[in-house]
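K.L.:
Residue numbers (the working numbering), protein chains in the order written: chain X, 1069 to 1182; chain C, -10 to 846.
1. If you pair each beta-carbon of the segment 823 to 842 of chain C with each one of the segment 746 to 760 of chain C, do three or more pairs fall below 8 angstroms?
2. For the segment 11 to 25 of chain C, enumerate the residues whose C-beta is nearer than 9 angstroms to any C-beta of chain X, in chain order.
3. If we count Cβ pairs, one from each stretch, closer than 8 angstroms, do we get three or more for the segment 416 to 430 of chain C versus the segment 115 to 131 of chain C?
4. Please look up how many angstroms separate the CB atoms of residue 876 (chain C) and residue 546 (chain C), rounded, as I've assumed it's under 8 angstroms.
5. To the nearest angstrom, how far is the alpha carbon of residue 1087 (chain X) from that of residue 1146 (chain X)?
6. Are the CB atoms of residue 489 (chain C) and residue 802 (chain C) within a distance shorter than 9 angstroms?
7. Check whether the Cβ atoms of residue 475 (chain C) and residue 728 (chain C) sit closer than 9 angstroms, and answer yes or no.
8. In chain order, what are the residue ranges of uninterrupted alpha helix (DSSP H) at least 4 long that sit wholly in the segment 345 to 417 of chain C?
9. Under 8 angstroms: does the beta carbon of residue 531 (chain C) sit that close to some heavy atom of the ligand MG?
10. Assign residue 1168 (chain X) to buried or exposed, taking buried as 16 or more other Cβ atoms, counted over all protein chains shown, within 10 Å of its Cβ.
11. Would you give the residue range spanned by the alpha helix (DSSP H) that residue 1116 (chain X) belongs to?
12. Considering just the uninterrupted stretch of the alpha helix (DSSP H) at residue 681 (chain C), what are its terminal residues?
13. What is the DSSP secondary structure of residue 848 (chain C), reduced to helix, strand or coil?
14. Within its chain, find whatever has a CB closer than 7 angstroms to the CB of residue 359 (chain C); leave out the 5 residues flanking it on each side and keep chain order.
15. Determine the burial state of residue 210 (chain C): buried for a count of at least 16 other Cβ atoms within 10 Å of its Cβ, exposed for fewer.
16. Beta-carbon within less than 7 angstroms of residue 720 (chain C)'s beta-carbon, same chain only, minus the 5 sequence neighbours each way: which residues are those?
17. Does DSSP classify residue 237 (chain C) as helix, strand or coil?
18. Please state the DSSP three-state secondary structure of residue 242 (chain C).
19. Taking just the CA atoms, how far does residue 244 (chain C) sit from residue 267 (chain C)?
20. Can you tell which of C:45, C:822 and C:116 has its C-alpha closest to the C-alpha of residue 472 (chain C)?
21. Please list, in chain order, all residues of the same chain as residue 1142 (chain X) whose beta carbon is under 6 angstroms from its beta carbon, the five residues on each side excluded.
22. Determine, using beta carbons only, whether residue 1149 (chain X) comes closer than 9 angstroms to chain C.
23. Are the segment 580 to 598 of chain C and the segment 678 to 691 of chain C touching by the rule of at least three beta carbon pairs closer than 8 angstroms?
24. Would you identify the three-state DSSP class for residue 206 (chain C), choosing helix, strand or coil?
25. Return the CA-CA distance between residue 161 (chain C) and residue 51 (chain C), expressed in angstroms with no decimal places.
26. Could one say the Cβ of residue 47 (chain C) lies closer than 9 angstroms to chain X's Cβ atoms, at least one of them?
27. Inspect the beta-carbon positions of residue 419 (chain C) and residue 103 (chain C) and report whether they are closer than 9 angstroms.
28. Show which residues of chain X have a CB atom less than 8 angstroms away from the CB atom of residue 54 (chain C).
29. Nearest-angstrom Cα distance between residue 224 (chain C) and residue 699 (chain C)?
30. Which bits of chain X does residue 43 (chain C) rub up against, with CB to CB less than 7 angstroms?
31. Please check if any C-beta of chain X sits within less than 9 angstroms of the C-beta of residue 28 (chain C).
32. With C-beta atoms as the reference, is residue 322 (chain C) less than 9 angstroms away from residue 238 (chain C)?
33. Tell me the rounded alpha-carbon separation between residue 747 (chain C) and residue 765 (chain C).
34. For the candidate residues C:143, C:46, C:825 and C:73, whose alpha-carbon lies nearest to that of residue 271 (chain C)?
35. Since residue 1108 (chain X) meets chain C, which of its residues come closer than 7 angstroms, beta carbon to beta carbon?
36. Rounded to a whole number of angstroms, what is the C-alpha to C-alpha distance between residue 247 (chain C) and residue 27 (chain C)?
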């Protein structure tokens, strides 16, 4: 579980999936996006637990739509990433890029750079 | 059938339960994905697996979230539960006693309720089952094949009517032949019942026209056809007849008679209907009542009689009744189960009183602990809650153990139930049963919690332990009263079972073994073939060294079936418009009367030569017929007319209870097999001992004559008689168990209270002993003091029992509800048990060392 300002690995996936939804992403699309792009079989429970956490951190916001008869009369909750979330992702990305610089995994495997 | 597009209902219910109010969208998300993507992409089975997987794997996440939420708002409750568990673990003896007592009583209540729920409360698996009715009784309501349709048309109070007649189907394979009970039914049978097959289809009119269709029960389908779906639509060989299996009924189907396993339509071509005497069931028309249907039935049958139909005559119309099918199916088991539920409730009350007693004792011991807590600032409310939680935890543990025990007892309980009880096989711990146990547990907790606090208020006023002692005495009184009720109930039922067992049935069941072959009509086409076949069986069975007599009868006592006939004793003139008297006809072979040890009262029994061709027609009659027909005169040598034939009575035998042990004998006439061969005869052999060995020997001897003939049995006659005791045995066994449990709980209660009061009065006793009181006197006084509330309880319980036993009057047999021996013995048993329970504390009182008891203070 990430502290404020720090993005957990699963949080990163969820945030990216929400961004890819371009404001029309909701629970099901987020779950499917992660599953299709990463091959990881994730549960709806885990997705929502993370989304709730991200919302509490102020990184995403959500809005509940109209009830939908096709879904047993249940409304969709659409998620959108807030600027704070984008910042956090950006920070994560540059931190990561910095660390990746000059790392050659083949060397690691052959025992070269350590 | 269209595939439902919804995910599995239970999984969805679990999810709804888990997901908090604020996260309901997740349910919609899963539904949407299931329907829009997973179902079309992967098919139903895989999609359902996927859905269940989502729910199951999401569960920990949701549960953790819920616990966190709970922890925040109820942190102290969780703390209290933990604390309660710690306390209970520390007082192992006390906790085990409480949990065991509660578990015992709750387990009993759960088991009984599970039966009651399956049999009584859950509606029959039919469409509007309360509208399905049966004309009764079988002796008066019967239709010829030709009357079925006219009857159905004239009964306007019945929206529809379907007839049935019992029959036997012979299923053969290379390995064996099996006789299956079932019925020929109107093709509308299942529509009238409002029941549908789980596989294939129900009967249609064409099936009745072609007469080549059969529907199987679930049990028969799994047993003989391995549950293969392919059987539906296939043709099977039913003893030389080609019939198509058109459907399989679901496992929960309740047939009209409990042992039916196959159905064929009554053929439209009445020429093909060999049977007559059809019964049936109808569905009440909208707005029609049972009384309307009865009135119409009593009008319509005489009309059919006037027109020459095969129905009972108008004189007997008053006996015709219409009963709701479910009521008829359950019979007196309803009252049995209600009685058992009441008894289980008494046991539960007893247990609660005991536990209250224990709690009361505990609270004395823990006065110090609570005082310290209050002194340290523990609020009264908090303390109360702590104790309430302790009780709830205890009761919950008791409830859980009870559920486990009830689950284990399900099989044993099922075996005790009479086979004809509908749905006895479907007893299980279903949702409603769990709910019942939950509510019962909660109520117990409330009861256990409030009983001692009632006393506490008073105790504070009384300052010393006087009030508390009075409360405890009152609890003992209540317990004893409850125990009296249970013991009296058990006593009455034991006496009933004893009366049933000692009824003179007219025959001796012990040492009798019986087996019934079904020689098929293609290989045994005529009377001569049947005479030869049964002659060879007699010879084979007789050769067995353990067999002393062998005979046969077409309708064995205590089994269903009957053949009735009108007869006219010589010299009797029947006035016009009246009927000749009726008698049951029994076809017997060989030494039937010897094998069953039926007493010969006059004349002789039937002999082999009586049935020979050209011999004079002779019969043997029972005592009732002889008395009815010839009053005080000797019946032997007289003539009876049966239609246009006559026969001479050569002997009179004792009455035999034919239908069941409770029912008096009716007129019976025995005719020799030779004169009227019958296809399916019960072979009856008198053996040295009716054990497994002789059962097999007799069956093997019969099978030796023709191994391809299907056999029913072998069974011992004692077993057959036992089945007719029906629910009486169940009620007796369970009430006896409850009675013993009640006695035990009562004894524990008396013991606990006596021991407690001795403990409290150590100092008093010490002083008295120091002042010269005899130790035996101390013991005697202890016992006497304890007996005061016991005797008060006995008197109250006795009074309640006097009124209460009227409730089970209908279940008794040959025992008065105020049976003197039972009412005399029950209090004695209780006094004896209570005295025993006080002896140990009394002895310990007499051993009080005055010096030490005085120093203790």
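C-beta atoms are modelled at their ideal positions from N, C-alpha and C, and glycine is treated no differently. Owing to the predicted nature of the structure, the values given are computational and were not obtained by experimental measurement.
P.N.:
Once the coordinates are examined:
1. Judged by Cβ distances under 8 angstroms, the segment 823 to 842 of chain C makes contact with the segment 746 to 760 of chain C, as three or more pairs qualify.
2. Listed in sequence order: 11, 12, 13, 14, 15, 16, 17, 18, 19, 20, 21, 22, 24 and 25.
3. A contact between stretches requires three or more CB pairs, one per stretch, nearer than 8 angstroms, and the segment 416 to 430 of chain C fails this requirement with the segment 115 to 131 of chain C.
4. Because residue 876 (chain C) is not part of the residues shown, which for chain C are -10 to 846, the question remains open.
5. Taking the first chain and counting its residues from 1, the one referred to as residue 1087 (chain X) is at position 19. Taking the first chain and counting its residues from 1, the one referred to as residue 1146 (chain X) is at position 78. Between residue 1087 (chain X) and residue 1146 (chain X), the C-alpha separation is close to 12 angstroms.
6. Residue numbering aside, residue 802 (chain C) sits at position 813 when the second chain is read from its first letter. Residue numbering aside, residue 489 (chain C) sits at position 500 when the second chain is read from its first letter. One thing to note: residue 802 (chain C) has its Cβ within 9 angstroms of the Cβ of residue 489 (chain C).
7. Taking the first residue of the second chain as 1, we reach residue 475 (chain C) at position 486. Taking the first residue of the second chain as 1, we reach residue 728 (chain C) at position 739. When the beta-carbon positions are compared, residue 475 (chain C) and residue 728 (chain C) come within less than 9 angstroms of each other.
8. Along the segment 345 to 417 of chain C, the alpha helix (DSSP H) occurs as fully enclosed runs of 4 or more residues at 356 to 364 and 369 to 405, listed in sequence order.
9. Absent from the structure shown: the ligand MG. Ligands present: none.
10. Walking along the first chain from the start, residue 1168 (chain X) turns up at place 100. When all chains shown are included, residue 1168 (chain X) counts as exposed.
11. Within the first chain, the letter at position 48 stands for residue 1116 (chain X). Its alpha helix (DSSP H) spans residues 1112 to 1125.
12. For this step, residue 681 (chain C) is matched to residue 692 along the second chain. From DSSP, the alpha helix (DSSP H) with residue 681 (chain C) extends over 681 to 694.
13. Lying outside -10 to 846, the shown extent of chain C, residue 848 (chain C) is not represented and no answer is given.
14. Residue 359 (chain C) sits at position 370 when you count from the first residue of the second chain. Contacts found: 372.
15. Taking the second chain and counting its residues from 1, one reaches residue 210 (chain C) at position 221. Residue 210 (chain C) comes out buried.
16. Taking the first residue of the second chain as 1, we reach residue 720 (chain C) at position 731. Excluding residues within five positions, the ones whose Cβ falls inside 7 angstroms are 325, 328, 329, 482 and 800.
17. Walking along the second chain from the start, residue 237 (chain C) turns up at place 248. Residue 237 (chain C): strand per DSSP, three-state reduction.
18. Residue mapping note: residue 242 (chain C) aligns to position 253 of the second chain, counting from 1. In this structure, residue 242 (chain C) counts as coil in the three-state DSSP scheme.
19. Your numbering for residue 267 (chain C) matches position 278 in the second chain. Your numbering for residue 244 (chain C) matches position 255 in the second chain. C-alpha separation (whole angstroms): 16 angstroms.
20. On the second chain, residue 472 (chain C) is found 483 positions in, with the first residue counted as 1. It is C:822 whose Cα lies nearest to the Cα of residue 472 (chain C).
21. Taking the first residue of the first chain as position 1, residue 1142 (chain X) is located at position 74. Non-local C-beta neighbours of residue 1142 (chain X) in its own chain, meaning closer than 6 angstroms and more than five positions away in sequence, are absent.
22. For the purposes of this step, residue 1149 (chain X) is taken as residue 81 along the first chain, with counting starting at 1. Answer no: the Cβ-Cβ gap between residue 1149 (chain X) and chain C never drops below 9 angstroms.
23. Touching, no, given that fewer than three Cβ pairs across the two stretches are closer than 8 angstroms.
24. Taking the second chain and counting its residues from 1, one reaches residue 206 (chain C) at position 217. DSSP, reduced to helix, strand and coil, places residue 206 (chain C) outside both helices and strands of the structure shown, so it counts as coil.
25. In the second chain, the residue the question calls residue 161 (chain C) occupies position 172. In the second chain, the residue the question calls residue 51 (chain C) occupies position 62. In this structure, the alpha-carbon of residue 161 (chain C) lies about 57 angstroms from that of residue 51 (chain C).
26. Here the question's residue 47 (chain C) lines up with position 58 in the second chain. Closer than 9 angstroms: yes.
27. Position 430 of the second chain, counted from the start, is the residue given in the question as residue 419 (chain C). Position 114 of the second chain, counted from the start, is the residue given in the question as residue 103 (chain C). Yes.
28. The count along the second chain starts at 1 and reaches residue 54 (chain C) at position 65. Here the neighbours are 1117.
29. What you label residue 224 (chain C) is simply residue 235 of the second chain in a count that begins at 1. What you label residue 699 (chain C) is simply residue 710 of the second chain in a count that begins at 1. C-alpha of residue 224 (chain C) to C-alpha of residue 699 (chain C): approximately 21 angstroms in a straight line.
30. Taking the second chain and counting its residues from 1, the one referred to as residue 43 (chain C) is at position 54. Within 7 angstroms of the CB of residue 43 (chain C), the CB atoms of chain X belong to 1111 and 1112, in sequence order along the chain.
31. Position 39 of the second chain, counted from the first residue, corresponds to residue 28 (chain C). Chain X, which has no Cβ nearer than 9 angstroms to the Cβ of residue 28 (chain C), makes this no.
32. Translated into the one-based positions of the second chain, residue 322 (chain C) becomes position 333. Translated into the one-based positions of the second chain, residue 238 (chain C) becomes position 249. Contact: no.
33. Residue mapping note: residue 747 (chain C) aligns to position 758 of the second chain, counting from 1. Residue mapping note: residue 765 (chain C) aligns to position 776 of the second chain, counting from 1. Annotation: residue 747 (chain C) to residue 765 (chain C) spans about 15 angstroms, alpha carbon to alpha carbon.
34. As a working mapping, residue 271 (chain C) is identified with position 282 in the second chain. Nearest option by C-alpha distance: C:143.
35. Working through the first chain from its first residue, we reach residue 1108 (chain X) at position 40. Proximity of chain C to residue 1108 (chain X) at the Cβ level (cut-off 7 angstroms) is not reached, the minimal Cβ distance being about 12 angstroms.
36. For this step, residue 247 (chain C) is matched to residue 258 along the second chain. For this step, residue 27 (chain C) is matched to residue 38 along the second chain. Their backbone Cα atoms lie some 44 angstroms apart in a straight line.
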